[in-house]
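Reviewing the structure listed below.
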Ligand SMILES: [Zn+2]
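In this note's numbering, the protein residues as written are 1080 to 1562.
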């Protein structure tokens, strides 16, 4: 409730000063009120999804709790879209504009953690929300519900869609949804992401390519007749050696990482099968393509060295981000208007404890809005399938602090924070920013037109291509049951 009061105090005192009519300002305040009214429900949804901690394509229950909430709130819900059982679209309204708000809800494998500053699994061996996607989905849905209510009241006109986008951490659910044509009639897309600071996304994300290399050799007894064997594990060694030599001769923006998924079971059997999942990233798609061409040769060479066969299968590939300056300004204005959450002494102590145990500077929560900066030439390390969406529809992206500054991401401290009030305060702010920005897009035709015009200019001559294989996603279950 403290945050609720803070939001209203700010909402009344710092109205955006440029180009917004009184009607639009009133609608924005109304939207924020409608987000705040859902506080208990959104916290509840985020906690339920946190407990479920379902990984990419396994988010059956998580997708269900979110889709059920959308249905209860009056949306028409289509479940299992794009051939993905855990993807869904919740729609309300009719006609233009069509504004989509995206939510994610997949967890990461093997990082289960209690809501505590001491490293301890919530459920041994289970997944955990080390990227805060439990907050992500709930906040985005809360914003969509607020907009739906304004459409129902006749305050706004058009269509709002909540897109339940699964499997962001691998596979790339959004890419399958693009392939299905789900973004075809969308005028603009709004999306946020949990983070350790609050800022509009002027940096973007890296393009990547995720692929399996399989080696097939000939098995034999490793001591009785090793000369009859051709080891697939040898090929893995040659392949990774080649990749690690390649590292010296790529641009500093390139990232290469891999995980060996199969390489035999026991030392006294020469393995006839091995498989490695490799990711290549760079600032732009073209950079990834260059490195990938060289990696394909390394795979061929590794097979030759070991005297085995090889095959390469692309699992998915994410695009870099098409960032819109007009979108950044609009988001930044709403983030400025809403202000930052206030944290209690207890919350700051918890944040500092997490920083202390992970060897980071004990700054506590740093939620001050980062000033608007020019669009970065190279993004920081990391990728998202939001990048793909940004090439098929104008996409506005920002992050809100939900975890203490500097704590390791995709790791247990973020799992803990995502179930704590510090994470939930960020979630509520994100929902308000999404709702307020959506009101701008619905009610200010010049704002939406400006964004669409910039997007058309930036996509002119660019042919977007998805990199997912035909048919359903290509996965193999690993030993732990995760992909
Ligand atoms: Zn994430």
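Beta carbons: idealized from backbone N, C-alpha and C, even for Gly. Here the structure is a predicted model, which means the values were calculated and not measured.
Return helix, strand or coil for residue 1101, following the three-state DSSP convention. The answer is helix: DSSP assigns residue 1101 an H, G or I state.
Beta strand (DSSP E) containing residue 1370: first to last residue? Bounds of any beta strand (DSSP E) do not take in residue 1370; it lies within the alpha helix (DSSP H) bounded by 1364–1385.
With C-beta atoms as the reference, is residue 1413 less than 7 Å away from residue 1509? Not closer than 7 Å, so no.
Is the number of C-beta pairs between the region 1184–1194 and the region 1127–1135 that are closer than 8 Å three or more? Yes: the two stretches touch, three or more of their Cβ pairs being nearer than 8 Å.
According to the neighbour-count rule (16 or more other Cβ atoms, all chains shown, within 10 Å of its Cβ), is residue 1394 buried or exposed? With 16 or more Cβ atoms within 10 Å of its Cβ, residue 1394 is classed as buried.
Less than 7 Å between the beta carbons of residue 1547 and residue 1254, yes or no? Going by C-beta atoms, residue 1547 is nearer than 7 Å to residue 1254.
Delimiting residues of the beta strand (DSSP E) encompassing residue 1321: Taken as a continuous stretch (DSSP letters only), residue 1321 belongs to no beta strand (DSSP E), being part of the alpha helix (DSSP H) at 1311–1325.
Give the DSSP-derived three-state secondary structure of residue 1181 in the structure shown. Three-state DSSP puts residue 1181 in a strand.
Other residues of its chain near residue 1107: CB distance less than 6 Å, five sequence neighbours each side excluded: Once the five neighbours on either side are set aside, the close Cβ partners of residue 1107 are 1515 and 1518.
Identity of the residue in 1184, 1385 and 1326 nearest residue 1337 by Cα: Nearest of 1184, 1385 and 1326 to residue 1337, Cα basis: 1326.
Hey, quick one: how far does the beta strand (DSSP E) through residue 1396 stretch, first residue to last? Judged by DSSP secondary structure, residue 1396 falls within the beta strand (DSSP E) whose first and last residues are 1388–1397.
Compare the C-beta of residue 1394 against all C-beta atoms of chain C and say whether one is closer than 7 Å. The chain labelled as chain C is not found in the depicted structure, where only one protein chain is given.
Bridge partners of residue 1243, per DSSP? Under the DSSP definition of a beta bridge, residue 1243 partners with 1167 and 1182.
Quick check on this structure: which residue in 1331, 1238, 1384 and 1294 has the alpha carbon closest to the alpha carbon of residue 1342? Checking every option, the nearest Cα to that of residue 1342 belongs to 1294.
Sheet register partners of residue 1158 (DSSP bridge): Its beta-bridge partners are 1167.
Check the C-beta distance from residue 1244 over to residue 1150 and give it rounded, since I have them as a contact under 8 Å. Rounded, the Cβ-Cβ distance is 18 Å, inconsistent with contact.
List the residues that DSSP assigns as beta-bridge partners of residue 1287. Per DSSP, 1360 and 1397.
As assigned by DSSP and simplified to three states, the class of residue 1268: Here residue 1268 sits in strand by DSSP.
Would you mind giving the Cβ-Cβ distance between residue 1121 and residue 1225, rounded to the nearest angstrom? I have them listed as a contact below 8 Å. Rounded to the nearest angstrom, the Cβ distance from residue 1121 to residue 1225 is 10 Å, too far for a contact under 8 Å.
Please classify residue 1582 as buried or exposed, where buried requires at least 16 neighbouring CB atoms within 10 angstroms. What the structure shows of the chain is the stretch from 1080 to 1562, and residue 1582 is not part of that stretch, so it cannot be assessed.
Between the CA atoms of residue 1328 and residue 1385 - distance to the nearest angstrom: Their backbone Cα atoms lie some 24 Å apart in a straight line.
Quickly, what does DSSP pair residue 1278 with across the bridge? List them, please. DSSP lists 1478 as partners of residue 1278.
According to the neighbour-count rule (16 or more other Cβ atoms, all chains shown, within 10 Å of its Cβ), is residue 1268 buried or exposed? Burial call: buried.
Once the 5 residues before and after residue 1498 are set aside, which same chain residues still bring their CB inside 6 Å of it? 1129 and 1194.
Just reading off the alpha helix (DSSP H) that residue 1581 is part of, what are its end residues? Nothing can be reported for residue 1581: it is not among the residues displayed for the chain, which extend from 1080 to 1562.
Whole-Å CB distance - residue 1156 paired with residue 1146, under 8 Å assumed: Rounded, the Cβ-Cβ distance is 5 Å, consistent with contact.
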